[in-house]
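K.L.:
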Amino acid sequence: MLAFLFPGQGAQYVGMGVEIAAASPAAAACFTRASAVLGFDLLALCAEGPEEALRATENTQPAILAASCACAAALADHGVTPDVAAGLSLGEYAALVAAGALAYEDAVALVRQRGRFMQEATAGRETAMAALIGLEAEAVRALCRAHASSGVVEPANFNGAGQVVVGGDAAAVRAVVAAARAVGARRAVLLAVSAPFHTSLMAPAAARLAALLEQVPLRDARIPVVANVDGRPRQRAEEIRRALIDQVASPVQWEATMRALAQLGARTFIEVGPGTTLAGLVRKTLGVAALNVEDLGTLERTLAALGRAAPARSAAAGPGDG
Numbered sequence: 006m007l008a009f010l011f012p013g014q015g016a017q018y019v020g021m022g023v024e025i026a027a028a029s030p031a032a033a034a035c036f037t038r039a040s041a042v043l044g045f046d047l048l049a050l051c052a053e054g055p056e057e058a059l060r061a062t063e064n065t066q067p068a069i070l071a072a073s074c075a076c077a078a079a080l081a082d083h084g085v086t087p088d089v090a091a092g093l094s095l096g097e098y099a100a101l102v103a104a105g106a107l108a109y110e111d112a113v114a115l116v117r118q119r120g121r122f123m124q125e126a127t128a129g130r131e132t133a134m135a136a137l138i139g140l141e142a143e144a145v146r147a148l149c150r151a152h153a154s155s156g157v158v159e160p161a162n163f164n165g166a167g168q169v170v171v172g173g174d175a176a177a178v179r180a181v182v183a184a185a186r187a188v189g190a191r192r193a194v195l196l197a198v199s200a201p202f203h204t205s206l207m208a209p210a211a212a213r214l215a216a217l218l219e220q221v222p223l224r225d226a227r228i229p230v231v232a233n234v235d236g237r238p239r240q241r242a243e244e245i246r247r248a249l250i251d252q253v254a255s256p257v258q259w260e261a262t263m264r265a266l267a268q269l270g271a272r273t274f275i276e277v278g279p280g281t282t283l284a285g286l287v288r289k290t291l292g293v294a295a296l297n298v299e300d301l302g303t304l305e306r307t308l309a310a311l312g313r314a315a316p317a318r319s320a321a322a323g324p325g326d327g
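In my numbering, the protein residues as written are 6 to 327.
1) Measuring only the C-alpha atoms, how far is Arg247 from Ala208?
2) Once you ignore the five residues that flank Asn297 on each side, which residues in its own chain have a CB closer than 6 Å to its CB?
3) Could you tell me whether the region 113-120 touches the region 171-183, using the rule of 3 or more Cβ pairs below 8 Å?
4) Just verifying my parser: in three-state terms, what is the DSSP assignment at Thr307?
5) Just the Cα atoms here: how many angstroms apart are Ala322 and Ala232?
6) Pick helix, strand or coil for Val285, following the three-state DSSP scheme.
7) Measure the CB-CB distance between Val2 and Ser94 and report whether it falls below 8 Å.
8) Name the DSSP bridge partner or partners of Gln258?
9) Should Leu5 and Leu70 be called a contact, given that it needs their Cβ atoms to be closer than 8 Å?
10) Spatial neighbours of Ala142 within its chain, please: C-beta separation below 8 Å, excluding the five flanking residues on both sides.
11) Would Pro30 pass as a contact of Met134 if the rule is Cβ separation under 8 Å?
12) Does the region 216-223 come into contact with the region 145-154, if we say contact requires no fewer than three beta-carbon pairs (one atom in each stretch) closer than 8 Å?
13) For Val113, is the classification buried or exposed, using 16 other Cβ atoms within 10 angstroms of its Cβ as the cut-off for buried?
14) Rounded to whole angstroms, how far is the Cβ of Tyr299 from the Cβ of Met21, which I believe are closer than 8 Å?
15) Between Leu308, Leu301, Arg241, Ala261, which lies nearest to Thr273 when the distance is taken from Cα to Cα?
16) Could you check if Val85 is buried or exposed, using at least 16 other CB atoms within 10 Å of its CB as the buried criterion?
17) What's the C-alpha gap between Glu24 and Tyr18?
Written as structure tokens, this is what we have:
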């Protein structure tokens, strides 16, 4: 059984999706269709940047979605489609597109607004997020409780492999980082993010997204999509809608998500979209090799590993290309 994993915010880089779009008309169409929704050339932003514009949350989210769906389209060109799927935070929208539960154009519009809502939820408030590595989840929860007097600080991502991300008010997050170092965390570092995603401070964003999602048609998914909010599979449209709303202000249960995919029968995992973070977490948490597709080289290697024919590079080559 084949599982597709779709990355979240932070995976973006200038150049993502460009090779895939040049090689596959179906992949290129993902960028063209997204650009029509957004009102600007998304492929140009991904290809040329500037990086600062690509990092803006309201741009990052549709850009990663489009790049991920483009990679999925390139795999589909070769008959490779998922039996189950999941996505980290933002990536859950790409998973739902792959599962046929959410129309692509609706997903693009939703994540654009989702990015805005999340950014605006804590505007004017000094917030932070930090990654803690080498502590058990319950130890991190205890540290957050111990420093709650400094402000809001909560677990935001349970990533597996001893990685927990916390977020909240900056002073409280810094206090937890210092305490984590004192009790022996292998690493405890502040992250370069613009808002405390997946904490209770995102409640205003969740409420705004809920109102928007009420207007968006969802369908029952063709395949199970494991939800971030609790690591349980969803296929019914209304359950999917509720999970997308709850996800915004709740911690991402990524370790539980990976284990649920394995329990459903997934034995082959492909990270579909920019980066290799999720493939690495699968290897560390489940002890199995994971593939990834983000450009032509990784597409060819993944198709070879699956026993499928690789794409002909010459078909995508331009004048003078070798």
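Just so it is clear, CB atoms sit at the ideal spot from N, CA and C, and this is done for glycine as well.
P.N.:
Here's the rundown:
1) Working through the sequence shown from its first residue, we reach residue 247 at position 242. Working through the sequence shown from its first residue, we reach residue 208 at position 203. So the two alpha carbons sit approximately 14 Å from each other.
2) For the purposes of this step, residue 297 is identified with residue 292 of the sequence shown, where counting begins at 1. Around Asn297: Glu276, Thr281, Ala284, Thr303.
3) No contact exists between the region 113-120 and the region 171-183.
4) Numbered from its first residue, the sequence shown carries residue 307 at position 302. Here Thr307 sits in helix by DSSP.
5) Against the sequence shown, residue 322 aligns to sequence position 317. Against the sequence shown, residue 232 aligns to sequence position 227. Unreliable positioning characterises Ala322 in this predicted model, as indicated by a pLDDT of 34, which lies under 50. The coordinate reading is nonetheless provided below. Here the alpha carbons of Ala232 and Ala322 stand approximately 39 Å from one another.
6) Translated into positions along the sequence shown, residue 285 becomes position 280. A small correction: the amino acid at residue 285 is Gly; Val does not occupy that position in the sequence shown. Helix, per DSSP.
7) The first residue shown for the chain is 6 and the last is 327, placing residue 2 beyond what the model contains.
8) By 1-based counting over the sequence shown, the position of residue 258 is 253. Phe163, per the DSSP bridge assignment.
9) Residue 5 is absent from the structure shown; the chain starts at 6 and stops at 327.
10) Walking along the sequence shown from the start, residue 142 turns up at place 137. These residues qualify, in order along the chain: Pro160, Phe163, Val169.
11) As a position in the sequence shown, residue 30 is number 25, starting the count at 1. As a position in the sequence shown, residue 134 is number 129, starting the count at 1. Going by C-beta atoms, Pro30 is not nearer than 8 Å to Met134.
12) no
13) Here residue 113 is taken as the residue at index 108 of the sequence shown, counted from 1. When all chains shown are included, Val113 counts as buried.
14) For the purposes of this step, residue 299 is taken as the residue at position 294 of the sequence shown. For the purposes of this step, residue 21 is taken as the residue at position 16 of the sequence shown. The sequence shown places Glu at residue 299, rather than the Tyr named in the question. The Cβ separation is near 7 Å, so the contact holds.
15) Here residue 273 refers to the residue found at position 268 of the sequence shown. Residue Leu308 is the option with its Cα nearest to Thr273.
16) Indexing the sequence shown from 1 puts residue 85 at position 80. Val85 comes out buried.
17) The residue given as residue 24 occupies position 19 in the sequence shown. The residue given as residue 18 occupies position 13 in the sequence shown. Distance between the alpha carbons of Glu24 and Tyr18: 13 Å.
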